[in-house]
Amino acid sequence: MSTLAFIERPSPNFDARARVIDLVVLHYTGMQDAEIALARLTDPAPVAGAYPGPWQSESAPADAPLGRVSTHYVVGEAGEIWRVVDEEERAWHAGVSSWEGEGDVNSRAIGIEIVNGGHDFGLPDFPDAQIDAVIALVRDILARRGLDASRVIAHSDIAPERKLDPGEKFPWKRLADAGASIWPASVPVATRAGEDVVGRVQAQLKRLGYSLEQSGAMDAPTRAALMAFQRRFRPTLIDGLIDEETQALLAGLALKQRTLNSPQFDGGF
Ligand SMILES: [Zn+2]
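The numbering used here numbers the first residue of the sequence shown as 662 and each following residue consecutively.
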């Protein structure tokens, strides 16, 4: 039924899923261009010297092995879509990560790598044609898999202390307007005297899916999860602090989540 056109670019880097698919994880490639990213995602024996970048120390030997990685799809700047690993297989894009308390995100996720230099290459804008293609691909996956728009998340959501992608320039609101993600209304929160605000925020982040220990303290993982949340929903200020606007957006998303989970909701967007 799909009307999407794919360019086949198969990778040998995959294995078998251990679980049913219920997530779509969006990434940026963070490399110089599409061809270099595709080479890396399909390389069965990558070495450091083949993929130079600002992340590499000059003393690193050129033959130092890199981890094998892959993805299901790569979306180029002109809107072209490469199919790299079959959706039924487990691609290797999530790395060390966790969502809803589960560590093996690769087993449950479809990975989409969006060609963009990212933070290492000047954080370029995402062209409209590319975002249109991402939206079409995500909507197609959600419809085929019977998933709602809340199942589309960022690599930075599942690895907040390690990853920034697809980055604060990624237009999540545009995706949400097209039914390919969610976007919160702002619901102002009145803090009660003596309330454990950090505890409340940690509980809200956990309900959204962030794998976060409920420590009640403003620790490094909490700050990182808040920054991941802000990177998606309040990209103008990503400081990991609990301000009024961040609390209002968390409350708005909690409200949306209740609507999505309600039996009256027909699942349409
Ligand atoms: Zn990523």
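Just so it is clear, CB atoms sit at the ideal spot from N, CA and C, and this is done for glycine as well.
- Between Ile796 and Leu836, the C-beta gap is smaller than 8 Å, which places the two residues in contact.
- Per DSSP, His816 is one residue of the alpha helix (DSSP H) stretching across 816-819.
- One alpha carbon belongs to Val848, the other to Leu910, and they sit about 6 Å apart.
- With respect to the C-alpha of Thr732, the residue from Ala700, Ser759, Leu873 having the closest C-alpha is Ala700.
- Arg884 is positioned such that its CB atom lies no closer than 8 Å to that of Trp833.
- For Asp786, the three-state secondary structure derived from DSSP is coil.
- Look at His733: its beta carbon is at least 7 Å from all of the heavy atoms in ligand 1.
- C-alpha of Val730 to C-alpha of Thr852: approximately 45 Å in a straight line.
- Annotated as distal: Val686 and Val735, with beta-carbon spacing of 8 Å or more.
- Here Asp818 is buried. Its C-beta has 16 or more other C-beta atoms within 10 Å.
- Taking a cut-off of 8 Å on C-beta distances, the stretch 703-714 does not touch the stretch 852-866, as fewer than three cross pairs fall below it.
- Cβ contact annotation for Ser842 (same chain, cutoff 6 Å, sequence separation greater than five): Ala810, Val813, Trp833, Leu836, in chain order.
- The residue from Leu914, Ala915, Leu887, Arg895 with its alpha-carbon nearest to that of Ile903 is Leu887.
- Taking non-hydrogen atoms of ligand 1 into account, the C-beta of Asp818 is found less than 7 Å away from none of them.
- In the structure shown, Ile802 adopts helical secondary structure according to DSSP, grouped into three states.
- When the Cα atoms are used, Ala725 and Asp704 turn out to be separated by approximately 14 Å.
- The beta-carbon separation of Arg800 and Ala739, rounded to 19 Å, does not stay under the 8 Å limit for a contact.
- Straight-line measurement puts the Cα of Gly877 at about 17 Å from the Cα of Leu869.
- Bounds of the alpha helix (DSSP H) holding Trp833 are 833-838.
- With fewer than 16 neighbouring CB atoms inside 10 Å of its own CB, Phe667 falls in the exposed class.
- For His780, the distance from the CB to the nearest heavy atom of ligand 1 is not below 7 Å.
- Annotated as distal: Arg769 and Phe675, with beta-carbon spacing of 8 Å or more.
- The continuous beta strand (DSSP E) containing Leu687 extends over residues 684-689.
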